[in-house]
Amino acid sequence: MQVKITVPEGFHLDVENSWLGVDITSVANAYQSVFKLQENTKPAVLEHSSFFGEASKATVYNLQLNSQSQAEFAELQKYLQKSQAEGVAIRVVPKLASYPQAADNVEISIDLQLSSEEGYFTLIDGAELSLAKLRSKK
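Just so we're on the same page, this note's numbering is the position in the sequence shown counted from 1, plus 15.
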């Protein structure tokens, strides 16, 4: 499983505190898990354009589950082999390490790759997120 997070140039992702979550409901019970991420490759600054936005420079972070999370994900797969899922929710929670002081929001894109045999699919394409909550914690 791979996660690609794109943020504008000048914004820096806090990889260590960013995570991927999977919630599964079945007839028997519910399974909630949080998987920590790590860099798969060094971040790259590229020309980026979202479906609705203009092209601009952006930093792309290529992440994967860390070793502990890979083991926990294998447990989740075993759980799914025993229980039929009624619902699945996947979320990616990116945390910022730093951002331009004058910024009020950040435009973020998140892509997910479930298998190395398949390509990425887009979870979020150029969504504008407010930095107000992040600022209040400083």
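The C-beta atom is built at its ideal place from N, Cα and C for all residues, glycine as well.
Does residue i pass the burial test, meaning 16 or more other C-beta atoms within 10 Å, or should it be called exposed?
i: Ala73; result: buried
i: Phe136; result: exposed
i: Glu62; result: exposed
i: Glu122; result: buried
i: Ser175; result: Nothing about residue 175 can be reported from this structure: the residues present for the chain run from 16 to 153 only.
i: Ile105; result: exposed
i: Val103; result: exposed
i: Leu129; result: exposed
i: Ser131; result: exposed
Specify the secondary structure class of residue i as computed by DSSP and reduced to three states.
i: Gln99; result: coil
i: Glu48; result: The sequence as given places Ser at residue 48; Glu does not occur at that position. Note: Ser48 maps to strand in three-state DSSP.
i: Phe136; result: strand
i: Lys148; result: helix
i: Leu129; result: coil
i: Lys110; result: coil
i: Thr92; result: It is worth fixing the name first, because residue 92 is Gln in this sequence and not Thr. Gln92 falls in the helix class under three-state DSSP.
i: Ala117; result: coil
i: Ala213; result: Given that the chain is displayed from residue 16 to residue 153, the structure contains no residue 213 and the question cannot be resolved.
Taking a contact to mean a Cβ-Cβ separation below 8 Å, would you say residue i touches residue j in this structure?
i: Gln53; j: Val30; result: yes
i: Ser84; j: Lys110; result: no
i: Asn81; j: Lys19; result: no
i: Leu127; j: Leu144; result: no
i: Asn55; j: Gln17; result: yes
- Entirely within the segment 16 to 61 and at least 3 residues each: give me those beta strand (DSSP E) ranges in chain order. With a minimum length of 3 residues, the continuous beta strand (DSSP E) runs that stay inside the segment 16 to 61 are 17 to 23, 34 to 41, 45 to 54.
- For the segment 39 to 48 and the segment 90 to 99, state whether three or more C-beta atom pairs, one from each stretch, are separated by less than 8 Å. Taking 8 Å as the limit for Cβ pairs, the verdict is that the segment 90 to 99 does touch the segment 39 to 48.
- Assess, as a yes-or-no matter, whether the segment 117 to 134 is touched by the segment 83 to 90 under the definition of 3 or more beta carbon pairs within less than 8 Å. No, the segment 83 to 90 is not in contact with the segment 117 to 134.
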